[in-house]
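Visitor:
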Amino acid sequence: MFSTNKVVKVGIAQMDVAKAPETIRTSGLGSCVGVVLYDERKKIAGLIHIMLPDSKLGKVLPGNVAKFADTGIDAMIDTLSKQGVQKFSLKAKIAGGAQMFKFSSDQDSMRIGPRNVEAVKQALRKNGVRIVAEDTGGSSGRTIEFNPETAMLMVRTVNQGVSEI
Amino acid sequence: MDNQITSLHLDVLKEIGNIGAAHAATSLSMLLNKKIDMHVPKVEMVSFNDMMELVGGPEKVVVGIYLRIEGDALGSMFFILPVEQANRFIRRLIQDEQFDFGKVPVAEIGMSAMQEMGNILSGSYLSAFSDFTGLKIYPTVPGLSVDMFGAIISTGLIEISHVSDHVIVINTSILEEGLEPSESVKGHFFLLPEPSSFSAIFNALGVS
Numbered sequence: 404m405f406s407t408n409k410v411v412k413v414g415i416a417q418m419d420v421a422k423a424p425e426t427i428r429t430s431g432l433g434s435c436v437g438v439v440l441y442d443e444r445k446k447i448a449g450l451i452h453i454m455l456p457d458s459k460l461g462k463v464l465p466g467n468v469a470k471f472a473d474t475g476i477d478a479m480i481d482t483l484s485k486q487g488v489q490k491f492s493l494k495a496k497i498a499g500g501a502q503m504f505k506f507s508s509d510q511d512s513m514r515i516g517p518r519n520v521e522a523v524k525q526a527l528r529k530n531g532v533r534i535v536a537e538d539t540g541g542s543s544g545r546t547i548e549f550n551p552e553t554a555m556l557m558v559r560t561v562n563q564g565v566s567e568i
Numbered sequence: 021m022d023n024q025i026t027s028l029h030l031d032v033l034k035e036i037g038n039i040g041a042a043h044a045a046t047s048l049s050m051l052l053n054k055k056i057d058m059h060v061p062k063v064e065m066v067s068f069n070d071m072m073e074l075v076g077g078p079e080k081v082v083v084g085i086y087l088r089i090e091g092d093a094l095g096s097m098f099f100i101l102p103v104e105q106a107n108r109f110i111r112r113l114i115q116d117e118q119f120d121f122g123k124v125p126v127a128e129i130g131m132s133a134m135q136e137m138g139n140i141l142s143g144s145y146l147s148a149f150s151d152f153t154g155l156k157i158y159p160t161v162p163g164l165s166v167d168m169f170g171a172i173i174s175t176g177l178i179e180i181s182h183v184s185d186h187v188i189v190i191n192t193s194i195l196e197e198g199l200e201p202s203e204s205v206k207g208h209f210f211l212l213p214e215p216s217s218f219s220a221i222f223n224a225l226g227v228s
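Chains as they are written, first to last, in my numbering: chain A, 404 to 568; chain B, 21 to 228.
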């Protein structure tokens, strides 16, 4: 199912970069959103595992930039540009933002998944990065793996198996 | 507060795990008419990524009950069972040997039974916590999910992630009598107090 080449693993609230033939992966996304920014010609991709929509929600500074949609995406664009990738050549694929538990009280913290997705889209729009594919929302956990060689994002859930977007 | 936690504080939290889980294990034992063993609780401060590894990695499929604690102390509570163990418990409760959390769609009666079990066990755990500390706490109605551990447990890290990249976990595992203690048969209670509530908890127990 997965390639035998090196897999760069990204933990929760972390980010990293992979170049073909490496792939890059993050596991067990619930309400978090996995954002892949990639350059198809240079075959390089960055992945951010975002927990929260807005860095202004963080009450401790300096915070971990990869935790938030706004600062995480800015930081990744910066990291990629240091590796010679220009912003206008970037495209995005995103997955996650589920609501794992259904509660009668519709607290804000329970709706964090959809809020994360919205914040990611806003941050990408602000940077002029187009979203080519997404698999977001629902109530299932996701594991994702991006292959910079093919620019395909593999999404695995417990009940629906594996799909590629 | 994170950096002022001493081993005395951790011992106090351990005692909460001990008392809470002992009550929950007794309830579970009565519910199933079966002896349930409880392990000495572990209390540790871990990074979010270490948290993901506590029951066998973020992708491990588990049956998870989750509720939020509100009132004098804030936090999240989880009751996590490996699928095989949840199956054994629920089969026994509803007397249906065919029931399987791994088979989609999962039979409604088993989901309700699991939800109810979660209700009862978290209720005993938290009323013991409340009696011990004298704090008034109000648990939300528990939610149930059968999914990847990482996706489930991260729900409880969201609030904490506003102020920290670490979490204090009060982790008590339970085991059916006569089984070898491997991860595949161990159930876990996880209590994740929010950092803003540490002082309320410690003050209530006379530790400053």
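Even for Gly, the Cβ is constructed at its ideal location relative to N, Cα and C.
Give a yes or no on whether the minimum CB-CB distance between A:Ala501 and chain B is below 8 Å.
Guide: At least one CB atom of chain B sits nearer than 8 Å to the CB of A:Ala501.
Visitor: Closer than 8 Å, CB to CB, is B:Asn69 near chain A or not?
Guide: yes
Visitor: Taking only heavy atoms of the ligand PLP into account, decide whether any of them is closer than 7 Å to the Cβ of B:Gln24.
Guide: Among the ligands in the structure shown, none appear at all, so the ligand PLP cannot be discussed.
Visitor: Drop a sphere of 10 angstroms on the beta-carbon of B:Ser184, count the other beta-carbons inside from all chains shown, and report buried for 16 or more, exposed for fewer.
Guide: buried
Visitor: Identify, in the order they occur along the chain, each residue of the same chain with its Cβ nearer than 8 Å to the Cβ of B:Ile25, setting aside the five sequence neighbours on each side.
Guide: Met65, Ile188, Phe218
Visitor: Could you check the C-alpha separation between B:Gly226 and B:Arg112 for me, to the nearest Å?
Guide: Looking at the backbone, the Cα of B:Gly226 and that of B:Arg112 are separated by about 43 Å.
Visitor: In terms of residue numbering, what span does the beta strand (DSSP E) encompassing B:Phe209 cover?
Guide: Start and end: 207-213.
Visitor: Using a Cβ-Cβ cutoff of 9 Å, what residues of the segment 166-198 of chain B are near chain A? List them in chain order.
Guide: Among the residues of the segment 166-198 of chain B, those with a Cβ less than 9 Å away from any Cβ of chain A are Val166, Asp167, Met168, Phe169, Gly170, Ala171, Ile172, Ile173, Ser174, Thr175, Leu177, Ile178, Glu179, Ser181, His182, Val183, Ser184, Asp185, in the order of the chain.
Visitor: When you check each C-beta in the segment 442-459 of chain A against every C-beta of chain B, which residues fall closer than 7 Å?
Guide: Met454, Leu455
Visitor: Is B:Ile180 closer than 8 Å to B:Leu212 when the C-beta atoms are compared?
Guide: yes
Visitor: Quick one: residues in its chain with C-beta nearer than 6 Å to the C-beta of B:Leu33, no 5 flanking neighbours on either side, listed in chain order?
Guide: Val63, Ile190
Visitor: Could you list which residues in chain A have their beta carbon closer than 9 Å to that of B:Val75, in chain order?
Guide: Within chain A, no residue comes near B:Val75; the closest Cβ sits about 11 Å away, beyond 9 Å.
Visitor: List the residues that DSSP assigns as beta-bridge partners of A:His452.
Guide: A:Gly437
Visitor: By how many angstroms is the C-alpha of A:Lys490 removed from the C-alpha of A:Ile441?
Guide: The question names Ile, but residue 441 of chain A is Tyr in the sequence shown. A:Tyr441 and A:Lys490: Cα-Cα distance of roughly 10 Å.
Visitor: What residues match up with B:Leu113 in a beta bridge as DSSP calls it?
Guide: In the DSSP output, where bridge partners are listed per residue, B:Leu113 has none listed.
Visitor: DSSP beta-bridge partners for A:Ala498?
Guide: According to the DSSP secondary-structure assignment, A:Ala498 is paired through a beta bridge with A:Gly437, A:Asp538.
Visitor: List the whole-angstrom C-beta distance separating B:Leu146 from B:Pro159, where the pair is believed to meet the contact cut-off of C-beta under 8 Å.
Guide: 5 Å
Visitor: Quick one: what does DSSP say A:Glu548 is sitting in, helix, strand or coil?
Guide: For A:Glu548, the secondary structure class from DSSP, reduced to helix, strand or coil, is strand.
Visitor: Per DSSP, B:Ser67 is paired with what?
Guide: B:His186
Visitor: What residues are listed by DSSP as bridge partners for B:Glu90?
Guide: B:Tyr158
Visitor: State the beta-bridge partners of A:Lys422 as determined by DSSP.
Guide: A:Ile447
Visitor: Roughly how many angstroms lie between the CA atoms of A:Gln417 and A:Lys485, to the nearest whole one?
Guide: 18 Å
Visitor: In chain order, what residues of the same chain have a beta carbon less than 6 Å from the beta carbon of B:Ile194, not counting five sequence neighbours either side?
Guide: Ala45, Ile56, Met58, Gly207
Visitor: Whether or not the segment 419-437 of chain A and the segment 491-505 of chain A are in contact is what I'm after, with contact meaning three or more pairs of Cβ atoms, one per stretch, closer than 8 Å; do they touch?
Guide: Yes, since at least three Cβ pairs between the segment 491-505 of chain A and the segment 419-437 of chain A fall closer than 8 Å, the two stretches touch.
Visitor: Give me the Cα-Cα distance between A:Ala421 and B:Leu48, rounded to the nearest whole angstrom.
Guide: Straight across, the Cα-Cα distance linking A:Ala421 with B:Leu48 is about 47 Å.
Visitor: So, using beta-carbon positions, are A:Met479 and A:Gly437 closer together than 8 Å?
Guide: no
Visitor: In chain order, what residues of the same chain have a beta carbon less than 6 Å from the beta carbon of A:Gly541, not counting five sequence neighbours either side?
Guide: Ala501
Visitor: Where do the ends of the beta strand (DSSP E) carrying B:Ile56 lie?
Guide: 56-58 is the extent of the beta strand (DSSP E) around B:Ile56.
Visitor: Within the 8 Å Cβ cut-off, does B:Pro159 reach chain A?
Guide: no
Visitor: Helix, strand or coil for B:Leu30? Go by DSSP, reduced to three states.
Guide: helix
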